[in-house]
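A short write-up of the structure that comes next.
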Amino acid sequence: MFWKNRRNNCAHAKGNTISYPHEESFWLFLQSNLPKFVVNGGREFILQGIKNHFDPTRTPVGTTIDPVLIR
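Position in the sequence shown counted from 1, then plus 12, gives you my numbering.
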């Protein structure tokens, strides 16, 4: 949220700028949090969604599979 707000402060002809301290802190943020970032839609994510859908303790029987396949 912080970085989105910094970007919005500088966009659309506003007078604010992003300079090297912002870039350095953003780079350090990325380096320290990179293991936490995941891409939704990978093979394991899709397979887990299908397994969860057909698990009757998680999804009522007879529920359409469309929400799992259409993302």
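Quick reminder that beta carbons are idealized off the backbone N, C-alpha and C, glycines included.
For the pair Phe14 and Gly74, the Cα-to-Cα distance works out to about 42 Å.
In this structure, the straight-line span from the alpha carbon of Ser37 to that of Leu81 is close to 38 Å. Shown here, Phe14 sits in a helix according to DSSP, grouped into three states. The C-alpha of Arg70 is placed about 34 Å away from the C-alpha of Leu42. Inter-residue distance for Arg18 and Ile30 is about 8 Å (C-alpha atoms, whole angstroms).
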